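Trainee: I am attaching a structure below and will ask some questions about it afterwards.
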Amino acid sequence: MARFPFSAIVGQDEMKQALLIAAVDPSVGGVMVFGDRGTGKSTAARALASLLPPIMAIANCPYGCSKEEQARYPGVVGDGPLKKRAVPFVDLPLGATEDRVIGSLDLERALRSGEKAFEPGLLAKAHRGFLYIDEINLLEDHLVDLLLDVAASGENVVEREGLSVRHPAKFVLIGSGNPEEGELRPQLLDRFGLSVEVRTPKDLEVRIEIMRLVAANEADPAAFAERWAGEDEKILKKIARGKARLPKLVPGDDVLRDAANLCLAVGADGLRGELTLMRAARAYAALEGAKSVTRQHLIAIAPSALRHRLRRDVLDETGSTTRITRAIEELFG
Amino acid sequence: MNETEAAADPLADALIAARLFTLAPKVFGGLVLRGSSPARDALIEALAGAIALRRMPGHVDDERLLGGIDIAASLAAGRPIVQKGLIEEAQNGALIIPMAERMDTSVAGRLVQALDDAKAALVMLDDSVEADDSPPTSLMERAAFRCDLAASRQWQGVELPPVPAAGWGHVAPLDDKQLRGLATTAVLLGVDDVRALIFAEAAARGAALLAGRAVAEDADLATAVRLVLAPRATRIPEFEDQQEEQPEPDDTPPDQPPEDQPPPDSNTSDPPDDQTQQSQQQDLEELLVEAAKAAIPRDLLEQLAQGNAPRRGSSTGTGQKRKSGMRGKPLGARPGMPRGGARLALIDSLRAAVPWQNVRRREKGMDADAPIIMRKEDLRIRRFEERAARVTIFAVDASGSAAAARLSEAKGAVELMLAQAYVTRSEVALIAFRGATAEVLLPPTRSLTRAKRALSELPGGGGTPLAMGLNAARECADGVIAKGRSASLVILTDGRANITADGQPGRAQANEDAKAAARAIYARGIDSLVVDISARPGPEGAALANAMGGRFLALPRADARMLQQAIQAAQPLGKAA
Numbered sequence: 010m011a012r013f014p015f016s017a018i019v020g021q022d023e024m025k026q027a028l029l030i031a032a033v034d035p036s037v038g039g040v041m042v043f044g045d046r047g048t049g050k051s052t053a054a055r056a057l058a059s060l061l062p063p064i065m066a067i068a069n070c071p072y073g074c075s076k077e078e079q080a081r082y083p084g085v086v087g088d089g090p091l092k093k094r095a096v097p098f099v100d101l102p103l104g105a106t107e108d109r110v111i112g113s114l115d116l117e118r119a120l121r122s123g124e125k126a127f128e129p130g131l132l133a134k135a136h137r138g139f140l141y142i143d144e145i146n147l148l149e150d151h152l153v154d155l156l157l158d159v160a161a162s163g164e165n166v167v168e169r170e171g172l173s174v175r176h177p178a179k180f181v182l183i184g185s186g187n188p189e190e191g192e193l194r195p196q197l198l199d200r201f202g203l204s205v206e207v208r209t210p211k212d213l214e215v216r217i218e219i220m221r222l223v224a225a226n227e228a229d230p231a232a233f234a235e236r237w238a239g240e241d242e243k244i245l246k247k248i249a250r251g252k253a254r255l256p257k258l259v260p261g262d263d264v265l266r267d268a269a270n271l272c273l274a275v276g277a278d279g280l281r282g283e284l285t286l287m288r289a290a291r292a293y294a295a296l297e298g299a300k301s302v303t304r305q306h307l308i309a310i311a312p313s314a315l316r317h318r319l320r321r322d323v324l325d326e327t328g329s330t331t332r333i334t335r336a337i338e339e340l341f342g
Numbered sequence: 192m193n194e195t196e197a198a199a200d201p202l203a204d205a206l207i208a209a210r211l212f213t214l215a216p217k218v219f220g221g222l223v224l225r226g227s228s229p230a231r232d233a234l235i236e237a238l239a240g241a242i243a244l245r246r247m248p249g250h251v252d253d254e255r256l257l258g259g260i261d262i263a264a265s266l267a268a269g270r271p272i273v274q275k276g277l278i279e280e281a282q283n284g285a286l287i288i289p290m291a292e293r294m295d296t297s298v299a300g301r302l303v304q305a306l307d308d309a310k311a312a313l314v315m316l317d318d319s320v321e322a323d324d325s326p327p328t329s330l331m332e333r334a335a336f337r338c339d340l341a342a343s344r345q346w347q348g349v350e351l352p353p354v355p356a357a358g359w360g361h362v363a364p365l366d367d368k369q370l371r372g373l374a375t376t377a378v379l380l381g382v383d384d385v386r387a388l389i390f391a392e393a394a395a396r397g398a399a400l401l402a403g404r405a406v407a408e409d410a411d412l413a414t415a416v417r418l419v420l421a422p423r424a425t426r427i428p429e430f431e432d433q434q435e436e437q438p439e440p441d442d443t444p445p446d447q448p449p450e451d452q453p454p455p456d457s458n459t460s461d462p463p464d465d466q467t468q469q470s471q472q473q474d475l476e477e478l479l480v481e482a483a484k485a486a487i488p489r490d491l492l493e494q495l496a497q498g499n500a501p502r503r504g505s506s507t508g509t510g511q512k513r514k515s516g517m518r519g520k521p522l523g524a525r526p527g528m529p530r531g532g533a534r535l536a537l538i539d540s541l542r543a544a545v546p547w548q549n550v551r552r553r554e555k556g557m558d559a560d561a562p563i564i565m566r567k568e569d570l571r572i573r574r575f576e577e578r579a580a581r582v583t584i585f586a587v588d589a590s591g592s593a594a595a596a597r598l599s600e601a602k603g604a605v606e607l608m609l610a611q612a613y614v615t616r617s618e619v620a621l622i623a624f625r626g627a628t629a630e631v632l633l634p635p636t637r638s639l640t641r642a643k644r645a646l647s648e649l650p651g652g653g654g655t656p657l658a659m660g661l662n663a664a665r666e667c668a669d670g671v672i673a674k675g676r677s678a679s680l681v682i683l684t685d686g687r688a689n690i691t692a693d694g695q696p697g698r699a700q701a702n703e704d705a706k707a708a709a710r711a712i713y714a715r716g717i718d719s720l721v722v723d724i725s726a727r728p729g730p731e732g733a734a735l736a737n738a739m740g741g742r743f744l745a746l747p748r749a750d751a752r753m754l755q756q757a758i759q760a761a762q763p764l765g766k767a768a
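These protein sequence lines are chains A and B, in that order. Quick note, the first sequence lines up with residues 10 to 342 if you use this note's numbering. Quick note, the second sequence lines up with residues 192 to 768 if you use this note's numbering.
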C-alpha cells in the first residue's frame, strides 16, 4: 500500500533528521522517538522505508545477505547472483510471539516433505534494513531481552524445536513510545544511537496544513504521491550521496576532543555516547554534503545523541535537552 | 449547560456516526459503541445490513487473525491448506469486536498495524463500567467515532438509510476558513492528537455527502465537531476573543509548509475584505464550539468541571495490557506431560510430531494416509512467563502535622524509589491522605513521568485521617493481590491520627479507627513498613507498625536520598524480578 510521502510530513524536523542519519550510517545505532500520540511517529518511520536506495543482495538468500556475508555464514546464505532489492522495513507488532520474531519450524515444508526446515522470522526479514517497533515501551520483557541480544551481536541464534540455526540479523532499530505509558528499560534505551522527542504540533497553521495534506492524499493517493515524488527523490539522492561520502569523512582530532569534552560536561555514561556523537556528526556531515566534520555538525546532533544517556537524577527537574544545550553553550560559546 | 440542550437521544448522533462509518470504513478506522443497551443492539443490526460485519472473538489467535496454515485441515488433506485470516475476511466490511475493553495486547497490536495500513475497520463494543476502563488506547485513537449509548431510550425504528454511491470525489475539499475553524475548535477543546483533526476533516466532507451537498457547510462541520472532537475533549472550551493569542510559535516554524502547493481554490472566488473574513471566521468558530459544548459527554463534563482533566494515557490501554499479562505471556512450549496444571500445547505438539511422520509410518509399515502418529516425546506443554509482580503502595500523610517540609522529602523518596522500581520492573502506587479524604493519586504504574506529576500536584495541610489512608492502601493492595501480584505497603506518617474513618474530627476515635484499619491490614497478611516522618518520633508510629505486623522505621531528620535508602534496606523492593 502506498505510504504517506516522507517529504510531505510537516514539521518534526529533529525526528526526520535522526531518521536520515540512521539511513546514511546504520552503525549510528537505532533511533528512539519519544512523544505524544498522533504526532506522526509511525508515519515518518514507515515513510522512510520507501525512501532508501536499494541494496544488492544474493537473490536466493532467505536473509537478503550481501556478498561479504557469504563467507561468514557458509551454508546459511544462498549462493546465487546478486540482485537489487529494496531495503527491508519490518514492522514488529506489539504482542508478536517469540516464534514470529526469531523464526520457527517451517510447518509447510514439514507437512509437505517431512523435512525439518527453518522458517525465518521477523528478525531475518529485517536484516540489513529497519526494524520498527511502535510503543516499544510496552513490549513484553522477554522480547526486549531477545531484541537486545540480537541487536548487540548482529546475529540470530535459534536453538529450539530441534532447530539449530545461526543467521545474520543486523538492523537499525527504530522505536517509538510515549513515556507517560511506561518507561523504557535503560539497557534498551542505551542501545539506541539517537533519541528524539516529538510534540504535538501546537501551531494552528501547521495543523491546518496537516489536515489539508492528509485529505489530499486520501482523495487521490496516486496523484498525491506523484506530486511529492520529486521531493522524495531528492531526499533519496541525498541519502545515497551521503552513504557514498561517508567513508571519506574522517573526524579530526579537534572534533573528537569536542565530543569527549561534551560527554564529560553533561555526565553521559560510558563510551557509547562519544562513539555515537562522533558517528552521528559524521553521518550528518555526509548527509549535508560537507567536506569535513565540524563542530557545527557535532552541535547539531548532540541533543539527539546524548539526551537519553544522561544519568538520571529524578530530583533534578531540568530536562535532559536543557542540560545539553547549556553544556554546549558553556563549552563552545 | 442546561437540560434541554442535552436532551436529544444519544442514538441520533450514533446513527450519523454509523452512516459516516459505512461511507468509508477504512478512512474512519473505527466506531466505538459504548454501553450495552437495546439501542446499541438495534444499531448493530442496522449496521450489519449496511456493511459486512465479521465477528471477532476475544480469544482469536494470530493464525486466525492473519491467516496461515490450517493445521487440522492440512493434516487431514496431507498437504498444506492455507486459510484466510479474519482481517482479510473482513476486507470489504468491518470487524466487530465484542467486549473490546478486555482485548489482549497481541490482538490490539495486530489490529493497529492493519488500521495503519488501511486494511481494516473496526466496530468496537465497549462494555466497560468504570470511567477509566476502555479498549486499548492505541485502538481508541485510531477510531474516528465513539458513541455512548448506555443512556439511550430508543430502540425502535433504528435504520441506516443507504449511503449515496457518489463517493468522496463529489465533495470539494474544505476551504481555508473551514479547516481553520476545525483546528481552532480542537485547540479550544484541548484535543492535541492530530489524528482527531484528520478524522474531523473527513467527517465534515462525509456529512456533506450524506446531505447531498457538493460543498461542506457549517452544519457539516458542526456534525464533525460533535462526533469526532467533542468526545475527545480534555477541557471545557471558553470561547473568547482569542484569535490573537492562539498561534503560539512552537518547535515547528509556520513557514515550514512546502511552497509548491497553493491553498486549494484560493483563486476561484474573490476573497472578501479582511474585516468580513475575520468576523465570518469568528462566527464559524463560535458555532463549532457551541456544537462541541452540547455534545461533550455528561460524565466527561463532570470530570472536567472538577478540574481533573482526564490524563492522557491514563485511559488504560496500558493498564489493560498489564492486566491481560497477569497470567503470564505464553512463552512458547516445551516438552513435557500435561499434568499438574500444565496445559497441552496442541499445535506445538503437532509441530513436533510432523517431521517424524514419514519415518514413523515406514517403521510401522503404514501407508501415507494413515493418521498422524504421536508419541509421548512429541507432547508439548505451555509455558507462561510470570510477570515481575511486586507493587509498592505508598501511603503518604500529607496532613499539617506531618509538616510540609517532611512532605517534600517523602515525595523525593517516592520518586527515587520509583526510578529504582522501573529498573527492577516493579510498579508503584501512591495514596495521599489529608483533611477528610484519602485519595489514590496514582494507580499502580511504572511511569516515572506520571508519578512525578502526581507528586508535584500533591498539596499538604489539614488533619490526619490515618484510618482512611490505611483503608485506601489496603483496598489498593487487595486490588493488586486479586490480579495475582504481591503488594507491599510503605506508610509515611507521624501516626498522630485526628480524623476518624468517616471523616469526623476526634482524636480518640481516630486512633481507634486507625488501629482497626491497621489490624485489617495485619489480617490480610500484607507486607508493610511504617516510616515515622515526624520531627520528634513518638510512640504512635511504632504502635501502628505493631498493629499492622509490619516493620517500623523512625526517620527524624533524613533527606530524600537517605529516606529512600532506609526504605530500600528495610523492604526488599528490588527483589521483585
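Cβ coordinates follow ideal geometry from the N, Cα and C atoms, glycine included. This structure is a prediction, so every number in the text was calculated from the model and none was measured.
Roughly how many angstroms lie between the CA atoms of residue 79 of chain A and residue 66 of chain A, to the nearest whole one?
Mentor: The C-alpha of residue 66 of chain A is placed about 11 Å away from the C-alpha of residue 79 of chain A.
Trainee: Per the contact definition of three or more C-beta pairs closer than 8 Å, is the segment 94-108 of chain A in contact with the segment 133-151 of chain A?
Mentor: yes
Trainee: Report yes or no: is there a C-beta of chain B within less than 8 Å of the C-beta of residue 220 of chain A?
Mentor: yes
Trainee: Take the Cβ of residue 151 of chain A as the centre, count every other Cβ of all protein chains shown within 10 Å, and call the residue buried at 16 or more, exposed below.
Mentor: exposed
Trainee: With distance defined between alpha-carbon atoms, name the residue in A:199, A:301, A:259, A:264 nearest to residue 279 of chain A.
Mentor: A:199
Trainee: Can you list, in chain order, the residues of the segment 541-553 of chain B whose Cβ is nearer than 8 Å to any Cβ on chain A?
Mentor: 542, 543, 545, 546, 547, 548, 549, 550
Trainee: Are residue 203 of chain A and residue 27 of chain A close, meaning C-beta to C-beta below 8 Å?
Mentor: yes
Trainee: Is the separation between the beta-carbon of residue 668 of chain B and that of residue 678 of chain B shorter than 8 Å?
Mentor: yes
Trainee: Do residue 131 of chain A and residue 160 of chain A have their beta-carbon atoms positioned less than 8 Å apart in this structure?
Mentor: No, the pair does not count as a contact, with Cβ atoms beyond the cut-off.
Trainee: Quick check on DSSP: helix, strand or coil for residue 270 of chain A?
Mentor: helix
Trainee: Could you tell me the boundaries of the alpha helix (DSSP H) in which residue 328 of chain B lies?
Mentor: 328-331
Trainee: What distance in whole Å lies between the Cβ atoms of residue 205 of chain B and residue 234 of chain B, which are believed to be in contact at a cut-off of 8 Å?
Mentor: 6 Å
Trainee: Can you list the beta strand (DSSP E) stretches of 3 or more residues lying completely in the segment 39-67 of chain A, in chain order?
Mentor: 39-44, 64-67
Trainee: From residue 270 of chain A to residue 391 of chain B, what does the alpha carbon distance come to, in whole angstroms?
Mentor: 50 Å
Trainee: With 9 Å as the limit, tell me which residues of the segment 364-376 of chain B have their beta carbon closer than that to any beta carbon of chain D; keep them in chain order.
Mentor: As a matter of chain content, chain D is missing from the structure shown, whose protein chains are A and B.
Trainee: Given that a residue counts as buried once 16 or more other Cβ atoms are within 10 Å of its Cβ, and exposed if not, what is residue 262 of chain A?
Mentor: exposed
Trainee: If you drop the 5 nearest sequence neighbours on each side, which residues of the same chain put their C-beta closer than 8 Å to that of residue 213 of chain B?
Mentor: 238, 241, 242, 351, 354
Trainee: Determine the direct distance from the alpha carbon of residue 719 of chain B to that of residue 743 of chain B, and round the result to whole angstroms.
Mentor: 9 Å
Trainee: Establish whether the CB of residue 692 of chain B and some CB of chain A are separated by less than 8 Å.
Mentor: no
Trainee: Which residues in the same chain as residue 186 of chain A place their Cβ atom closer than 6 Å to its Cβ, once the five residues preceding and following it in sequence are excluded?
Mentor: 144, 145, 146
Trainee: Taking contact to mean at least 3 C-beta pairs separated by less than 8 Å, is the segment 648-657 of chain B in contact with the segment 619-626 of chain B?
Mentor: yes
Trainee: Mind listing which residues of the segment 273-300 of chain B have their C-beta closer than 8 Å to chain A's C-betas, in chain order?
Mentor: 295, 296, 297, 298, 299, 300
Trainee: Does chain A have any CB closer than 8 Å to the CB of residue 134 of chain B?
Mentor: Because chain B spans 192 through 768 in this model, residue 134 of chain B falls outside it and cannot be assessed.
Trainee: List, in chain order, every chain B residue whose beta-carbon is nearer than 7 Å to that of residue 217 of chain A.
Mentor: 370, 371, 374
Trainee: Would you please verify whether the beta carbon of residue 409 of chain B is less than 8 Å from any beta carbon of chain A?
Mentor: no
Trainee: Within 10 angstroms of the Cβ of residue 440 of chain B, are there 16 or more other Cβ atoms? Answer buried if so, exposed if not.
Mentor: Unreliable placement is indicated for residue 440 of chain B, whose pLDDT of 41 sits below 50; the coordinate value is still reported in the next sentence. Per the 10 Å Cβ criterion, exposed.
Trainee: Shortest alpha-carbon distance to residue 687 of chain B belongs to which of B:639, B:671, B:591, B:634?
Mentor: B:591
Trainee: How about residue 244 of chain A and residue 60 of chain A: do their beta carbons lie closer than 8 Å?
Mentor: yes
Trainee: Using C-beta distances below 6 Å, list every residue in its chain close to residue 12 of chain A, excluding the 5 sequence neighbours before and after it, in chain order.
Mentor: The residues are 55, 56, 59.
Trainee: If we ignore side chains and look at the alpha-carbon of each, how far apart do residue 402 of chain B and residue 19 of chain A end up?
Mentor: Roughly 32 Å separates the two Cα atoms.
Trainee: Compute the Euclidean distance between the alpha carbons of residue 74 of chain A and residue 317 of chain A, then round it to the nearest angstrom.
Mentor: Residue 74 of chain A and residue 317 of chain A: Cα-Cα distance of roughly 32 Å.
Trainee: Can you have a look at residue 63 of chain A and say buried or exposed, based on whether 16 or more other CB atoms are within 10 angstroms of its CB?
Mentor: exposed
Trainee: What span of residues does the alpha helix (DSSP H) with residue 26 of chain A cover, start to end?
Mentor: Where residue 26 of chain A is concerned, the enclosing alpha helix (DSSP H) stretches over 22-33.
Trainee: Can you give, in chain order, each stretch of the alpha helix (DSSP H) that sits fully within the segment 226-288 of chain B and has at least 4 residues?
Mentor: 229-241, 253-257, 262-268, 277-280
Trainee: Tell me which same chain residues have a C-beta within less than 8 Å of the C-beta of residue 467 of chain B, skipping the five on either side of it?
Mentor: Same-chain partners within the cutoff: there are none.
Trainee: Within a Cβ cutoff of 8 Å, which residues of the same chain sit near residue 419 of chain B, ignoring the five residues on either side of it in sequence?
Mentor: Within the same chain, residue 419 of chain B has close Cβ partners 335, 336, 387, 390, 391, 394.
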